[in-house]
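Student: Got a structure for you, questions after.
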Amino acid sequence: MSQSPDTRHLWMPFTANRQFKAAPRMLVSAAGMYYTSDDDRRILDGTAGLWCVNAGHGHPRIVAAIQQQAAAMGYAPLFQMGHPVAFEAATALADMAPAGLDRVFFCDDGSSAVDTALKIALGYHRARGDAGRIRLIGRERGYHGVGFGGISVGGIAGNRRQFGTGLPATDHLRHPLDIARNAFSRGQPEHGAELADELEQRLLALHDPSTVAAVIVEPMQGSAGVILPPRGYLEKLRAICDRHGILLIFDEVITGFGRLGAAFGADHFGVQPDMIVCAKGLTNGAVPMGAVLLRAGIHDAFMDAAPADSIEFAHGYTYSGHPLAAAAALATLQVYREEKLFERAHDLAPYFETAAHSLKDLPLVKDIRNLGLVCGIELESRPGKVGARAYDVFQRAFHEKGLLLRVTGDIIALSPPLVIERAQIDELFNGISELIKALD
Ligand code: PMP
């Protein structure tokens, strides 16, 4: 047992701090599929940390790459200066990306990558002499990080209310979750593609389409409770954006790097966006890093608009392409490829799906949604207390079953490392099943 730290000083993010500090859950080490808690218990990681440790914890190749880079050069700027590992990581990422998205801008994390993509969209239209395209459209229940751009196009009320109005000229489509018609769908639900038509209706009824720069969606909405696109929905969004000269951005911070059984959600769904935002699994969560992948044509518009001796894009971070992050990304992408982890996720998905849906007939289970190695189990709300039951399951899973889950509202979300074994999938769902049965 390690000594308990003083918990007064750290203001924890997205945490009920007073509740947590009254009964802390502390993690002190991790390997493979398991964390170890400060009271020396093994905790099976059902969420890949925070949807990021896709290759499992402490992968030796990734650890070694970070160690070697830290010893060789811990920091160098990427402003007017280069270091080979950043270029190598960009090449490896472009090689993994859907064909055509082969330009890479490195950022610090998912939030900064989202804001970067939105700025690229606005700057792109301007560079082409179309400066009237200023509007950005997201979706209800969309999560795009916590930058001002991200919360403005994001659609989670609780993440916006404390901070005033956000960016002007944003709008939101409805989300496509329709439990009445699609409850307990396996994979993509059947009903709801027509919700994408709302984009065209709003463009024509409310906004002049020539004022819209970009539409940003998570191909599968993660943080707000695992909401899958109905069949045909993303294809329709793509067609509407094409008709009106609007860029389509996929926020793949969660769906990137094998979560759905392909490198990116764009590959899985067979729909090509103009930009992809990624982070998390890019470095296996080991060092913070995000990236925007974009079409060469978007990049080239900036190059063509600027004089040859001037900065083309007035944007970047001290840590863009940070050497440790780039080394971690390079090693992580190699691990994904060489260990065929995306294929593994694809092959395991049917087993995971069957295990998830074995909870279907439990009392209080309202819906189960899944795709690849991600699943959301939605519970009936306790009257007057949204999220209370799911939080109970989460708490007791940690303390009594040694399982790490994630909760968001009434939804229990699972997204284990792609290296999970079948027996561990059973352990996860059996544990959750017992805890749900024990609810009031
Ligand atoms: N976009 C999506 C879809 C995400 O899920 C997240 C993080 N959960 C982000 C953006 C923000 O990433 P970060 O927390 O690294 O800023």
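The number in my numbering is simply the position in the sequence shown, starting from 1, with 93 added. Note that beta-carbon positions come from the ideal geometry of N, C-alpha and C, so glycine has one too. Just so it is clear, the structure is predicted and the values come from calculations on it, not from any experiment.
1) Less than 7 Å between the C-beta atoms of G203 and G383, yes or no?
2) For Q162, which residues of its own chain have a beta-carbon under 7 Å away from its beta-carbon, when the five flanking residues on both sides are left out?
3) When the Cα atoms are used, what is the spatial distance from L266 to I159?
4) Is A389 near R196, with beta carbons less than 7 Å apart?
5) With the cut-off set at 7 Å, would you say C334 and L341 are in Cβ contact?
6) Along the beta strand (DSSP E) that carries H265, what are the first and last residues, could you check?
7) Cα separation between V310 and L120?
8) Given 6 Å as the limit, tell me if S303 has its C-beta closer than that to any heavy atom belonging to the ligand PMP.
9) Alpha carbon to alpha carbon, what distance is there between A379 and F199?
10) In three-state DSSP terms, what is R254?
11) Using CA coordinates, which residue listed in I136, P322 and G251 is at the minimum distance from S278?
12) Can you tell me which residues form a DSSP beta bridge with V500?
13) Measure the Cβ-Cβ separation of G248 and G231 and say whether it is below 7 Å.
14) Determine the direct distance from the alpha carbon of L464 to that of Q555, and round the result to whole angstroms.
15) When DSSP labels each residue in this structure, what does Q365 get in the three-state scheme?
16) Is DSSP giving S130 helix, strand or coil here?
17) Looking at D344 and the ligand PMP, is the gap between the Cβ and the nearest heavy atom below 6 Å?
18) When the Cα of L521 is compared with those of L498, V512, L532 and L511, which residue comes out closest?
19) Pull up the CB-CB distance for L353 and M368, whole angstroms please, since I reckon it's below 8 Å.
20) CA-CA distance, D485 and P400?
21) Please say whether A483 and L496 have beta carbons closer to each other than 7 Å?
22) Taking 7 Å as the CB-CB limit, is Q427 close to chain C?
23) Can you list the beta strand (DSSP E) stretches of 3 or more residues lying completely in the stretch 107-165, in chain order?
24) For the ligand PMP, I want to know if G465 counts as a neighbour, meaning its beta carbon is within less than 6 Å of at least one of the ligand's heavy atoms.
25) Using the Cα positions of G216 and V305, report the straight-line distance between them to the nearest angstrom.
26) Per DSSP, what are the beta-bridge partners of G231 in this structure?
27) Indicate the three-state DSSP secondary structure (helix, strand or coil) for K478 in the structure shown.
28) For P509, count neighbouring Cβ atoms within 10 angstroms of its own Cβ and tell me buried if that reaches 16, exposed if not.
29) Helix or strand or just coil, what does DSSP make of L340?
30) Ends of the alpha helix (DSSP H) at F241?
31) Could you pull the start and end residues of the beta strand (DSSP E) that G325 belongs to?
32) Output needed for Q446: all residues of its chain with C-beta closer than 7 Å, excluding positions within five of it in sequence on either side, in chain order.
33) By how many angstroms is the C-alpha of R489 removed from the C-alpha of R85?
34) Quick check for students: name the residue ranges of the alpha helix (DSSP H) that lie wholly in the stretch 360-409, counting only runs of 4 or more.
Tutor: Looking at the coordinates:
1) yes
2) V178, P416, L417 and A420
3) 41 Å
4) yes
5) yes
6) T263 to L266
7) 33 Å
8) no
9) 16 Å
10) helix
11) P322
12) I505
13) yes
14) Residue 555 lies beyond the residue range present for the chain, which begins at 94 and ends at 533; the question has no answer from this structure.
15) coil
16) strand
17) yes
18) L498
19) Going by Cβ atoms, the distance from L353 to M368 rounds to 18 Å, so no, they are not a contact pair.
20) 59 Å
21) no
22) Protein chains in the displayed structure number just one, and chain C is not present.
23) 120-124, 127-130 and 135-138
24) no
25) 13 Å
26) H265
27) strand
28) buried
29) strand
30) F241 to V246
31) From DSSP, G325 is part of no beta strand (DSSP E); its letter is neither H nor E.
32) Per the sequence shown, the amino acid found at residue 446 is Glu instead of Gln. Answer for E446: R279 and N463, listed in chain order.
33) In the structure displayed, the chain extends from 94 to 533; residue 85 sits before or after that span and is not available.
34) 389-398
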